[in-house]
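Undergrad: In this note's numbering, the protein residues as written are 14 to 60.
Virtual Cβ for every residue (Gly too), placed ideally from N, Cα, C.
It should be emphasised that the depicted structure is a prediction, and the values quoted were computed from it without experimental measurement.
This is the structure, below, for whatever I ask next.
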Amino acid sequence: MLSAREEQILSLIEQELVFEHPRWAMRFDRLKKKPSRRRRRRSGDDA
């Protein structure tokens, strides 16, 4: 687990990168072990 400070720094970096380079959003999702929205949509849960 990350410390609260590390989370804060990462989220700031993420905001900057995603603003500049939207494709980074997927990498950050993977880093944070969040389930991919794409994967869910592909399996048809959201449809």
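From M14 to E20, what distance separates their C-alpha atoms?
TA: Each residue's Cα considered, the two are about 9 Å apart.
Undergrad: What separation, rounded to the nearest whole angstrom, lies between the Cα atoms of S24 and K45?
TA: Cα to Cα, the separation comes out at about 10 Å.
Undergrad: So what does DSSP say about R40, is it helix, strand or coil?
TA: In the structure shown, R40 sits in a helix (DSSP, three-state: H, G or I).
Undergrad: Does S24 come out as helix, strand or coil in the three-state DSSP assignment?
TA: Here S24 sits in helix by DSSP.
Undergrad: Give the secondary structure of L15 by DSSP, where H, G and I count as helix, E and B as strand, and everything else as coil.
TA: Note: L15 maps to coil in three-state DSSP.
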